[in-house]
Amino acid sequence: MTNIEIILTIVSLVLLIIAGFFAVLKKDLIHAVVATSVISLVLSLMFYLLQAPDVALTEAAIGIALSTIIFIITVRNTKRFEDK
Amino acid sequence: MVITDPVYFIALPLLTAFLLPLFGKIYKPLIGIIPGLVFAFLAYISFDLYLNLVPGKPIIIQMAGWAPPWGINLVFSEFSGLIVTLITFLAFLVWVYSYNFKKVGFDNSKKYFTLLMLMVAGSIGVVLTGDIFNMFVFLEITAIYSYGLTAFYKGRDSAEAAFKYLLLGSLSSVFILLAILLLYKQVGTLNMADIAVKAQSIDPKMKSIIAILFFVGLGIEAEMFPMNGWVPDAYSQAPGPVAASFAGMLAKSGIYALIRVFYTVLEVKGVFDLLLIMGLLTIIFAEFSAMRQKHLRRMLAYSSIGQMGLIMVAFSFNTKAGIFAGLFLMFNHAIIKTLLFLSSGFLTYSTKQKKIRDLDGFGKIMPFTSLMFGLGAFAIVGLPPFSGFWGKLNMLVATADSNLYFVIALILLVAVVEIVYYFKVIGRLYFRQQHKDVEVHNPTWNAILAMSILAIVIIGVGIYPDLITDYLTKATNELFDKAGYIHSVLPNLSLN
Amino acid sequence: MQEFLTYSIYGTAFFLMLLGLYAVLMKKNLVKIVIGLTVLDSGLNLLFVAVGYISGGTAPIFSPAVVGKHVIMTDPVPQALVLTAIVIGFGVTAVALALVVRLYRKHNTTNIDEIKNLKW
Amino acid sequence: MKKVVVIGSLGVIVYYLLSAFVAIPFGADIIKGVKEFYLQKSPDDLKVANVVTSIVVNFRGFDTLGEVTVLFLASTALGSILYHRRSQHSGLNPQRTSVEASAIVQTGAKIIFPFTVILGAYIFIHGHLTPGGGFQGGAIIATGFLLMLISYRKFFIKHNALTWIEAIAGSTFVILGLFGLIYAKNHDFLENFLPAGKLNDLLSGGIIGIIYIAVGFKVGAEITGILDTLLTVKETGLDPEEN
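Chains as they are written, first to last, in my numbering: chain A, 1 to 84; chain B, 1001 to 1496; chain C, 2001 to 2120; chain D, 3001 to 3243.
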């Protein structure tokens, strides 16, 4: 790994942790879903850095787009806010 | 030999499941008929293959032209072949039973049969495969099948049960995946025989972590205490034949995976003691819960968990007698529990609340179904001359061999408990005045046929146990002979 | 450096799994529980790919630029396994969300405490 | 209190697992196993440039069959979970969005849609050469359909067509595998029986490319079906059937 890749990796790891906290703790479910989408986005970048382009593409297509959208459909069909 | 390739056990049901919607578009009744033909064919070839199996020479099928350590392989041996034969036989009977289930309020049959085909393929895949990750994929197929079919009926608490199971199932798959990843990074292979060879060099601490991960993950699939909170809900909410398929096929593939991993792939000290303790806890928890149940299905479900616990205890002895008893119990559990669930399907369908006390006097108005239920109950508690008796007897012999006398006491105690709650139901069926407002749904001819075949098998094996003991002994030898398994999968391996 | 990366990447992966597990076990909202499951899966996938990485390795693709040269490649097996795991995870998530929708339609709530049979 | 116990016990479990994993240093090439064989045989024998593809479709092709089945199972199970008798709702058409998307979104979707489908097709046709393959391509195609579904209220998927695509693509996979039993050298399921071609050619890898295309169609159709089922769920209110 070159230096720039290491820096990118560390930045992604920090982003992953922050997005993970958002995903689990946010009361607004739409925000939480967007946070999971961010996790997938960063994860897909990480996979690319770790020389796994196939996995990166899969995560991009399924994690970022499809998973997020089925969550949003569900939240729209149910309740948006988690109560207490 | 093309026609009798074990790969058909998985390829054919999948092909049929994929094509079933098209058949439905061509001619509607084909949806019901085609699965039956496929199941009949599978049952036929499994019997054919199994009876012609040469001892010590299991049929090894490699995939995509790559020999075992590199490609995925299927192993049709005395042990796996026995379970596969059982599964295909039960699948055919479940089909016979549910062929025109529409008459008793079961629409959406296309989805039901599609899911059933996929489940049969999945559970056979778990049993046949020689690759640890492949086993995980097939376990996942069976798991998603159960989530979908548990929630099949509307208007009950089925979705809750399914959701509960889904959470536990997802956790179990995380555990299994972690174990597979650690194992892969230690030995660099995913083939079970190859792992078994190379596992000796793994650091013992690492090995025990892998074993615990597998134990928890596969324990959930095998209905082990305390991870079995989903079982009673799933069994009681699913349609009758689906509950039968859970007990007869799914639970079998779960416990098969557990046994295969710990007998063949990973040899870890202490894991069998753990299995013994968990099995005993499972039995105690399940049987005493079963006694308190008011719903027939829940009672049967808890009883089923208890049987699984007994099977785990039998396998935990790690002796030939123990394995033999365990296999006998597995056979009994599959056949008898299927009969009980199939007959209880019609009993509970005719009552409104599915409670045991609604069954008063059903012996008169539904004589055949009640008779079948009674027969199943007598068999499962282990009374002669039914097959359950021999299972329990062998179990006691095996326990005595291992000098575990407190386990004997416990098994006898549990047998008493079983007699109490099963006879409570039978007493209600035959010796009570019937309620007025019952809407009787008598079984259709095909359901009668399916139940009669099961009853004949139970009585036949009960009177003449030598029908199967020979095969069970062979399967026992195969499972106990780890070196033989490795050698037949990897013939070119030089064991240093 | 390698030790630092080992701890930070594996640590992050396990941290994500921990967060997901926490959501599955402690949260009361059904959708939140399913979100927890996907977070758990994400951590697991990261772990798989990270374990398969080999320093200095390229992606396991023999493109024309690579053919004939001696190159180190990352381990393709965990990548193939992760691909399977992602797809299976998506299927399970879809089924879980369908169940959530059904539970909501029946009980008009997504809170576990108000759905009596879900307590355990 | 309960929180502390749960977090504490999870922490202990994770600590042990982490200690097990740290024994495998990041980036170290410590194991010699099947991967060497795959990295060597994939370009030499199978003539497939992308080793992940050759593992997914050939070496461990049976897993992929299971994986496709999982998606199929999920979409069937989803249908049975959210199934409601059409006759009861015969009066009203299934509704998706309560408001029509704006003209900009609609035009944008219309322009992007064909490109998305082409991108997806490109990815699964080149699955054996470049990163990506059937799953990724299929998912991208499904995203394209999703775009149309959410921007146009009246864009309905033809279920008939989906069923046909699913059935044909799925059976292509299995039947190609079964052909291997008859025509291939070792008579194995899923074995390649077509000429392997030249490394990095579009027409290389024998049946691997064909299988990945079938997987692409099947995954695309299945995910589109899943999305469609979830989107056409009746939007608000309790279902009369449920109570």
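All residues carry an ideal CB built from backbone N, CA and C; glycine is no exception.
Residue environment for Ala3028/D: exposed (fewer than 16 other C-beta atoms within 10 angstroms of its C-beta). For Gln1293/B, no beta strand (DSSP E) run applies, since DSSP gives it neither H nor E. Residues of the stretch 3008-3041 of chain D whose Cβ lies closer than 9 Å to any Cβ of chain B, in chain order: Tyr3016, Leu3017, Ser3019, Ala3020, Phe3021, Ala3023, Ile3024, Ile3030, Ile3031, Lys3032, Gly3033, Val3034, Lys3035, Glu3036, Phe3037, Tyr3038 and Lys3041.
Judged by DSSP secondary structure, Val2049/C falls within the alpha helix (DSSP H) whose first and last residues are Leu2030 to Gly2052. If you keep only unbroken alpha helix (DSSP H) runs of at least 4 residues inside the stretch 1413-1470 of chain B, you get 1445-1463. Of the residues Leu1275/B, Tyr1422/B, Gly1188/B and Gly1217/B, the one whose Cα lies closest to the Cα of Phe1288/B is Tyr1422/B. Contacts with chain A (Cβ-Cβ distance below 9 Å) from the stretch 3140-3160 of chain D involve Ile3140, Ala3142, Thr3143, Leu3146 and Ile3150, listed in chain order. A contact between stretches requires three or more CB pairs, one per stretch, nearer than 8 Å, and the stretch 3105-3124 of chain D fails this requirement with the stretch 3068-3076 of chain D. Sixteen is the threshold: since fewer than 16 other Cβ atoms of the shown chains lie within 10 Å of the Cβ of Ala3161/D, the residue is exposed.
Taking 7 Å as the cut-off, the Cβ atoms of Leu1454/B and Leu1340/B do not count as close.
When DSSP assignments are scanned along the stretch 1203-1270 of chain B, the uninterrupted stretches of alpha helix (DSSP H) that are 4 or more residues long and fall wholly within it turn out to be 1204-1221, 1230-1237, 1240-1245 and 1251-1260.
Listed in chain order, the alpha helix (DSSP H) runs fully inside the stretch 1045-1077 of chain B amount to none, counting runs of at least 4 residues.
For Ala3023/D, the closest alpha carbon among the candidates Ser2055/C, Gly2056/C, His2107/C and Tyr2007/C is that of Tyr2007/C.
Distance between Ala60/A and Pro53/A, taken at the CA atoms: about 10 Å.
In this structure, Val24/A sits away from Ala2013/C, with a CB-CB distance that is not shorter than 7 Å.
A straight line joining the alpha-carbon of Leu2046/C with that of Leu1168/B spans about 22 Å.
Non-local C-beta neighbours of Glu5/A in its own chain, meaning closer than 6 Å and more than five positions away in sequence, comprise Leu49, ordered along the chain. Not flagged as an interface residue toward chain D: Thr2/A, since no C-beta distance is shorter than 7 Å.
Taken in chain order, the members of the stretch 2080-2102 of chain C whose beta-carbon sits within less than 7 Å of a beta-carbon on chain B are Leu2081, Thr2084, Ala2085, Ile2088, Gly2091, Val2092, Val2095, Ala2096, Leu2099 and Arg2102. When 7 Å is used as the limit between beta carbons, Gly1148/B is near these residues of chain C: Val2095, in chain order. For a cut-off of 8 Å, the C-beta gap from Gln1237/B to Ser1158/B is around 4 Å, short enough to register as a contact. Annotation: Cβ neighbours of Val2051/C in chain B (cutoff 9 Å, chain order): Leu1181, Leu1182, Tyr1184 and Lys1185. Residue contact with chain D for Thr1189/B: present (Cβ-Cβ distance below 7 Å to some residue of chain D).
Residue pairing by DSSP puts Met2073/C in a beta bridge opposite Thr2058/C. With a cutoff of 7 Å on beta-carbon distance, Gly1125/B and Phe3059/D are scored as not near each other. Residues of chain A whose Cβ lies closer than 8 Å to the Cβ of Leu3162/D do not exist, since the nearest Cβ in that chain is about 16 Å away.
Taken through DSSP and simplified to helix, strand or coil, Asn3058/D comes out as helix.
Met2001/C is classed as exposed because its beta carbon has fewer than 16 other beta carbons within 10 Å across all chains shown. The continuous alpha helix (DSSP H) containing Ile1141/B extends over residues Ile1132 to Thr1150.
Of all residues in the stretch 1201-1213 of chain B, the ones placed with a Cβ closer than 7 Å to any Cβ belonging to chain D are Met1206 and Ile1209, in chain order. At a cut-off of 7 Å between beta carbons, Pro3114/D makes no contact with chain A.
Of the candidates Leu2021/C, Ala2094/C, Ala2050/C and Glu2114/C, Ala2094/C places its Cα closest to the Cα of Thr68/A.
Scanning its chain for C-beta atoms nearer than 6 Å, with the 5 sequence neighbours on each side dropped, one finds around Tyr1256/B the residues Ile1083 and Val1127, in chain order.
Of all residues in the stretch 3181-3197 of chain D, those with a C-beta nearer than 8 Å to a C-beta of chain B are Leu3181, Ile3182, Ala3184, Lys3185, Asn3186, His3187, Asp3188, Phe3189, Leu3190, Glu3191 and Asn3192, reading in chain order.
Per the C-alpha coordinates, the member of Val1265/B, Leu1396/B, Phe1346/B and Tyr1153/B positioned closest to Ala1321/B is Leu1396/B. For Phe1386/B, the secondary structure class from DSSP, reduced to helix, strand or coil, is coil.
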